[in-house]
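Notes for the one structure printed next.
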DNA sequence: GCAGTGATCATA
DNA sequence: ATGATCACTGCC
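In the numbering used here, the protein residues as written are 1 to 194.
See the structure below:
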């Protein structure tokens, strides 16, 4: 029988953001709709924001009302409005006091952080809440780890202002069609051995 | 290529 | 109170 999907616990996020961003690839972003139905989207693009020393990270400007949740414990959502129209979905990582997080840039059929939140109906209501079933928005562990050769690392998008940090390879991408290939391999009947 | 859009934050 | 800035998107 199908095992119940494992909800990623807060401890999963209590690690360096780049590690979390990498391991979130292939994992599932799950959201419960108003009708109680659960939609699941496999994560295929993330970005890590490492902390106060990372000039692209909101936390590098110090504690403010907006970014306060980043300074708190790992495993909570950090959601903010960008350009007056787009909600950005992040999950806080690392120890309290370290303003680090992972931006979810793509999952399921949604490419781009603003499109993802629009598609899933995510907005400010989730800001500061823990990622978990109780909140209606959570992560589940990857059924199969994405092999390293399928993961591309690039500089983060839209952070050209961040000096040396603009070029840090902290964006993690796996092509969705590659994920599909993985899934097929996993679920297709084993080939008769030679 | 660039306008739209409005919360947020520093400055005053 | 005011103005600059923005971890983006869609249409030219």
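The C-beta atom is built at its ideal place from N, Cα and C for all residues, glycine as well.
- Here residue 155 has 166, 167, 168, 169 and 171 as same chain residues with Cβ atoms under 7 Å from its own Cβ, once five neighbours each way along the sequence are excluded.
- DSSP places residue 163 in the helix class (H, G or I) of the three-state scheme.
- By the neighbour-count definition (other C-beta atoms within 10 Å, threshold 16), residue 147 is an exposed residue.
- DSSP, reduced to helix, strand and coil, places residue 44 within a strand of the structure shown.
- Beta-bridge annotation (DSSP): residue 57 is not paired with any residue.
- In the displayed model, residue 177 falls within a helix according to three-state DSSP.
- Residue 63 and residue 71 have their alpha carbons spaced roughly 7 Å apart.
- The beta carbon of residue 133 sits closer than 7 Å to those of 7, all from its chain and outside the five residues before and after it, given in chain order.
- Shown here, residue 50 sits in coil according to DSSP, grouped into three states, outside any helix or strand.
- With respect to residue 87, residue 98 sits apart: the two C-beta atoms are not nearer than 8 Å.
- For residue 106, the enclosing beta strand (DSSP E) has its first and last residue at 101-107.
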